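Here the structure comes first, spelled out in structure tokens, and everything after it is commentary.
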Amino acid sequence: MFWIVASTVVAAFMAVAMIFVRLRASKRPASAKKIILPPMFMSTGALMFIFPVFQVDWSQVIEAVLVGMFFSIFLIRTSRFEIRDKAIYLIPSKSFILILFGLLIARILLKLAIGSRISFGETSGMFFLLALGMIVTWRLAMLYKFKKLEKKLEYTR
């Protein structure tokens, strides 16, 4: 029970940190590098699967990644860019905060639902895969939107 509470507190802290990072990022021009790097940094967490306690079946991998991709839809819909001062900026969305906390609540409910049937290590592995699937999908969509605007910006120069 301690680990479930501790991991939930950490997830809540990360959600709040993400809100501040996103608000700060909207004050500076966006770049492809800034969009691509976060999922790459997060991917190092996959080293957890070296340890048997975190290993999951392939069916669980597919399930977690697909749920993450579904959750990414909400983030994709709130991520918009605009051209301002001959640069591309991310537009801060008021609904982003609500969606992020909604995803956190959904994560907690899912953890409570499957936590009694799946070990803590497997649950951790599945939620890592869920988050990775969500963030990679979201960032690829952001990169696509960014590149479209970048072409438009180059065309107007």
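If you read the sequence shown in the UniProt record's numbering, its first letter stands for residue 1, the second for the next number, and so on.
Here a beta-carbon is modelled for each residue, glycine too, at the ideal position from N, C-alpha and C.
For clarity, every value in this text was computed on a predicted model and none was experimentally measured.
Residues near residue i in its chain [Cβ-Cβ closer than 6 Å; skip 5 each side]
i: Q60; result: M126
i: D85; result: none
Residue environment, residue i, which counts as buried when at least 16 other CB atoms sit within 10 Å
i: S79; result: buried
i: L90; result: buried
i: R139; result: buried
i: R107; result: buried
Inter-residue Cα distance where the pair is residue i and residue j
i: L75; j: F96; result: 7 Å
i: S31; j: S116; result: 42 Å
i: P39; j: M142; result: 12 Å
i: F49; j: K152; result: 42 Å
i: V9; j: M18; result: 14 Å
i: S72; j: L130; result: 10 Å
Element boundaries [alpha helix (DSSP H), containing residue i]
i: L153; result: F120 to T156
i: R107; result: K94 to G115
i: residue 171; result: In the structure displayed, the chain extends from 1 to 157; residue 171 sits before or after that span and is not available.
First through last residue of the beta strand (DSSP E) which encompasses residue i
i: R84; result: R80 to R84
Pair within 9 Å by beta-carbon distance, residue i and residue j
i: A12; j: L103; result: no
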